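So the protein sequences, as listed, match chains A and B. First residue of the first sequence? That's 13 in the numbering used here, and the numbers climb one at a time after it. First residue of the second sequence? That's 76 in the numbering used here, and the numbers climb one at a time after it.
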Amino acid sequence: MSALLLLVPMALFLGLLALLLFLWTLRSRQYDDLDGAAARILFDDSRPTHRRGPP
Amino acid sequence: MNVIAPAPSASRAPAACAHCGAPLPALLSAPRPAPLPEGAGRFCCAGCEGAHALVSGLGLDAFYRRREMAAGALRPADAAAEVPSDTDFAALATPGQGGTHRLELMVGGLTCGACVWLVEQALAADPEVLRARASLSARRLTIDWRGGAEKAKALAALVARLGFRPAPWSPACLRATEDAEGRELVRALGIAAFGMMNVMLVSVAVWAGGDMGAATRHLMHWLAALIGLPVVLVAGLPFYRSAWQSLRAGRPNMDLAVSLGILASTVMSLSETLRNGPYTWFDGATALLALLLAGRVLDRAARRRARQAVAELLALQDGTVQRLEAGGITTHCPAAAIQAGERILLASGERLRLDGVLEAEEALLDTAATTGESLPRRFRRGDALAAGMVNLGNPFALRVTAAAADGSLAAMARLLERAEQARGRFVSIADKAARFYVPVAHAVALGTFLGWWQGVGVSWQEALVPAVAALIITCPCGLAIAVPAVQVAASGALFRRGVLVASATGLERLASAGHVVFDKTGTLTEGRPVLLEEPGRPASALREAAAIARASRHPLSRALVAACPEAPAAPPAVEEVPGHGLRVATPQGEIRLGSAPFIGLAQEDEGLTLWFARPGLSPVPFRFADRLREDAAPAIAALAELGLEAELVSGDAPPAVEAAAHAAGIGPWQARATPEEKAERIAALSVAGRRPLMVGDGINDAAALALAHASATPQGATDLAQTAADFVLRGEGLSVLPYAIRVARRAQRLARQNIAMSLIYNIVAVPCAVFGYATPLIAALVMASSSIIVILNALRAGKVKS
């Protein structure tokens with residue numbers, strides 16, 4: 013039974029971690045453009061779009 | 076230099092435009108009067124040629140291998156006008172940090188991943204652009220760049236030159252995409268799914284561990300309560316809120332039953348945990364929540380897609396008006412900002428957005444949207460003009476008689492609101508089932524509780540267990556998913572065929588429609604002038620005339636160019652004589668294209684005619700007409716097969732209506748119908764129990780659309796008609812209407828099957844719960860299996876042969 017004392021909190025901790033990750037993805041709006049995300053993964057070339065301002 | 080076009084041969088398969096993919100006309104086999112310009116064999120129009128050159132120049136050719144889109148969808152609207160419409164994009168740019176600016180656009184025509192790629196890469200090629208990000212679902216493009224706001228215009232023009240249609244990102248678009256409620260549902264679903272899985276972990280241990288000691292079981296139950304309680308309280312909020320509202324309105328809905336079931340099982344489980352009973356039901360409560368939330372999230376996603384698409388259509392139509400200031404200068408401003416008494420300028424081909432009085436001597440306007448007349452009407456100075464008319468002539472000035480909020484459009488919008496309220500009383504099949512089902516389920520649960528407590532004589536805590544088990548098993552899990560799942564599958568299938576389902580109960584109403592009323596202009600017909608074929612006309616005249624017509628934005632010029640898209644670019648010296656036509660001086664003499672008096676003919680124009688005169692050739696007439704849509708007759712025949720009787724009610728003159736009715740195969744017709752008469756006809760049909768489906772596109776149809784049992788509008792309809800209609804038919808036009816009805820009927824049938832199936836489940840499972848044999852394991856199995864069967868059955872809704 014002592015195994016439970018370790019395993020159950022571990023399982024719960026991992027589940028909670030997944031929940032927090034999910035809430036983070038939701039907050040950073042990763043579900044707003046599901047169609048686009050499905051297509052975007054296939055763009056094979058490096059994207060020159062992310063040129064930031066002067067260094 | 077003619078490099079690309081191969082030798083013409085009759086057997087060659089029809090070629091497609093290298094940019095937009097539209098089939099090229101087979102005119103190349105005709106003897107050529109003049110050498111074609113370079114590349115003319117590969118493109119359908121100059122706009123596409125320019126777009127292709129732009130894409131190649133940026134090294135983005137990969138786009139053509141990747142895209143998946145309808146042929147012709149990417150044709151730039153107007154090669155002559157580099158800047159789309161008259162929108163002042165520079166004013167829309169918002170300044171950011173460090174001398175940067177940001178522009179938000181709604182981009183029409185963005186249909187696949189390759190489009191997103193093309194737009195982003197084309198913009199990123201500009202060294203000043205810091206970031207360009209397009210959202211495929213929302214059709215929203217965000218551009219950040221270094222430098223002044225005036226660059227916005229060039230960036231929007233670049234998007235337009237690629238063949239997309241940029242429009243300002245309006246608050247309406249924002250409302251359609253910013254879906255706070257939807258995000259909350261997804262969040263609740265995530266929490267409920269987390270709770271369900273982790274409680275199940277504990278519950279399975281209890282179910283499987285028959286030899287588990289009482290103390291361990293107690294610990295397990297407390298663990299389940301620890302996870303289950305907060306989850307039920309937080310993730311169930313959307314249901315509790317809706318249930319509370321329905322309770323206050325005095326109309327119990329499905330959410331009330333759901334809330335009661337979940338809360339009762341949570342309370343019972345808590346009491347079982349406290350007294351260390353054999354089972355707790357936290358897993359049932361959380362699983363129920365997760366399943367119901369999944370159904371709701373799906374339902375909302377499908378509806379949101381349709382809402383976004385409608386917002387996109389409206390944003391592309393939404394324009395500004397040109398206000399005439401003192402001193403003859405014009406400024407662009409939104410139509411809502413114009414007061415009565417101000418003067419505005421209406422450009423050629425522009426739609427009037429406000430009511431006004433004509434100040435020019437004479438004007439030619441297309442009144443199809445306001446009265447349904449297919450022939451344009453001439454107005455004199457002082458005539459009243461109604462919003463919705465389209466200027467077919469030269470730009471003219473008018474004095475606005477009513478601000479947007481008091482004008483005829485606003486009055487019609489108020490009429491629509493009243494009609495919508497009447498339609499809100501329609502009771503959907505899910506609500507009907509819930510009204511019958513919920514009281515029965517609650518009565519059974521109450522009876523079980525009283526029976527065990529008073530009849531059998533157990534303690535009230537023990538009596539609560541079978542009562543709540545009955546409540547959970549009857550809890551309309553399958554029932555709550557039964558209808559949304561069908562709706563999602565059906566509206567997804569329709570969306571792929573270009574039918575937007577704008578109303579929640581639209582599919583159900585469409586399924587039961589028994590009669591169809593068509594408007595003529597713009598619905599059965601194309602709604603724009605199309606060149607009529609004439610056997611004796613020399614092909615070279617058409618080519619030359621179309622080349623000259625490229626210089627003009629007049630609707631008839633555009634129709635001429637559309638009839639001969641392979642015509643060369645306009646000669647540079649074309650001069651437009653407002654109100655009369657176009658002329659170009661050549662060494663051989665003057666070539667003219669315009670009205671009969673303009674080229675020196677004495678006769679008066681009949682209908683829509685352009686004359687072409689060139690030295691050494693007798694004047695050639697080009698006649699135009701609003702042509703019947705190609706798919707009108709087959710669509711009406713298909714509707715008749717489905718048992719829908721068609722009739723035509725139009726505001727146009729009797730001969731035109733009769734001809735259209737005859738050509739489309741419609742029996743009864745009515746001409747010169749005012750908007751009120753159209754609405755009356757719909758009301759009369761409704762009273763007679765015919766359940767009319769109205770199909771129309773004009774402002775004059777809006778009231779009838781809102782009043783009808785179900786309504787559909789073709790793409791390109793006035794925005795008022797689009798807001799009033801349940802369905803917007805994009806793309807294929809009328810031919811999808813019979814398909815939509817078949818899908819709707821099948822969806823209705825499947826929804827009934829699903830409801831029946833979940834009822835049968837209950838009839839089997841409820842006695843089991845009432846007599847105390849149900850354990851949480853049985854409840855979980857029943858719930859999961861009935862939901863899966865209902866969902867699988869619903870998926871069949873999308874599988875209708877077209």
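A virtual CB, placed ideally from N, CA and C, is assigned to each residue, including glycine. Bear in mind that the values here come from a model prediction, so they are computed numbers and not experimental data.
Using 7 Å as the limit for Cβ to Cβ distance, is F25/A near chain B? no
Where DSSP assigns a beta bridge to S210/B, which residues make up the other side? R215/B
Entirely enclosed alpha helix (DSSP H) segments - the stretch 729-770 of chain B, minimum 4 residues: 729-739, 750-762
According to DSSP, is E436/B part of a helix, a strand, or is it coil? coil
How long is the line joining the alpha carbons of V78/B and A199/B, rounded to whole angstroms? Its pLDDT being 37, under 50, V78/B is placed unreliably by the model, and nothing is read from it.
Comparing the C-beta of R658/B with each C-beta of chain A, is any distance below 7 Å? no
Mind listing the chain A neighbours of R378/B? Cutoff is C-beta to C-beta under 8 Å, in chain order. Here the premise fails: no neighbours, minimum Cβ distance about 15 Å.
What are the start and end residues of the beta strand (DSSP E) that includes A542/B? From DSSP, A542/B is part of no beta strand (DSSP E) but of the alpha helix (DSSP H) over 535-549.
Ends of the alpha helix (DSSP H) at V190/B? For the record, residue 190/B in the displayed sequence is Cys; it is not Val. Per DSSP, C190/B belongs to the alpha helix (DSSP H) from 188-199.
Secondary structure, beta strand (DSSP E): runs of 3+ residues fully inside the stretch 581-659 of chain B: 590-593, 600-606, 650-652
Is T850/B closer than 7 Å to Y354/B when the C-beta atoms are compared? yes
Does any residue of chain A have a CB that is nearer than 7 Å to the CB of W220/B? no
Can you confirm whether the stretch 320-340 of chain B touches the stretch 219-226 of chain B when touching is taken to mean that 3 or more C-beta pairs between the two stretches lie within less than 8 Å? no
Alpha carbon to alpha carbon, what distance is there between V277/B and L298/B? 7 Å
Within 7 Å, strictly: CB atoms of A763/B and D776/B: no
Please check if any C-beta of chain B sits within less than 7 Å of the C-beta of L38/A. yes
Could you say which of A712/B, A494/B, V605/B, A339/B lies nearest to Q536/B if we only look at CA atoms? A339/B
Mind checking if N351/B is an interface residue toward chain A, Cβ cutoff 7 Å exclusive? no
When the Cβ atoms of the stretch 356-364 of chain B are set against those of the stretch 266-275 of chain B, are three or more pairs found closer than 8 Å? As far as the Cβ criterion goes, the stretch 356-364 of chain B touches the stretch 266-275 of chain B, which means the pair count is three or higher.
Per the contact definition of three or more C-beta pairs closer than 8 Å, is the stretch 458-476 of chain B in contact with the stretch 513-520 of chain B? no
Backbone CA spacing between P610/B and F697/B [nearest angstrom]: 12 Å
Where do the N-terminal and C-terminal ends of the alpha helix (DSSP H) with L473/B fall, by residue? Premise fails: L473/B lies in the beta strand (DSSP E), 471-475, not in any alpha helix (DSSP H).
Might you give, ordered along the chain, the residues of its own chain that have their beta carbon closer than 7 Å to the beta carbon of T348/B, omitting 5 neighbours on each side? H296, W297, A300, T355
Cβ-Cβ separation, A488/B to A410/B (assumed contact under 8 Å), whole Å: Going by Cβ atoms, the distance from A410/B to A488/B rounds to 13 Å, so no, they are not a contact pair.
Candidates G573/B, I774/B, I623/B: which alpha carbon is nearest A645/B's? I623/B
Does the CB of L33/A have a neighbour CB from chain B at under 7 Å? no
Using 7 Å as the limit for Cβ to Cβ distance, is R262/B near chain A? yes
Could you give the distance in angstroms between the alpha-carbon of A166/B and the alpha-carbon of L322/B? 48 Å
Since E822/B contacts A588/B with CB under 8 Å, what's their CB separation in whole angstroms? Note on identity: in this sequence residue 822/B is Ala, with Glu being the wrong assignment. So it is not a contact: roughly 14 Å between Cβ atoms.
Roughly how many angstroms separate the alpha carbons of L525/B and L834/B, rounded to a whole number? 24 Å
Would you mind giving the Cβ-Cβ distance between H629/B and S449/B, rounded to the nearest angstrom? I have them listed as a contact below 8 Å. Actually they do not touch by this definition, with Cβ atoms about 18 Å apart.
Start-to-end residues for the beta strand (DSSP E) that takes in D254/B: It is not in any beta strand (DSSP E) - D254/B carries neither H nor E in the DSSP assignment.
Give a yes or no on whether the minimum CB-CB distance between G265/B and chain A is below 7 Å. yes
Taking CB distances under 7 Å as the criterion, tell me whether G188/B reaches chain A. yes
Mind pulling the chain C residues with CB within less than 9 Å of S210/B? The question asks about chain C, but that chain is absent: this structure's protein chains are A and B.
How long is the line joining the alpha carbons of A721/B and A736/B, rounded to whole angstroms? Going from the Cα of A721/B to the Cα of A736/B covers about 10 Å.
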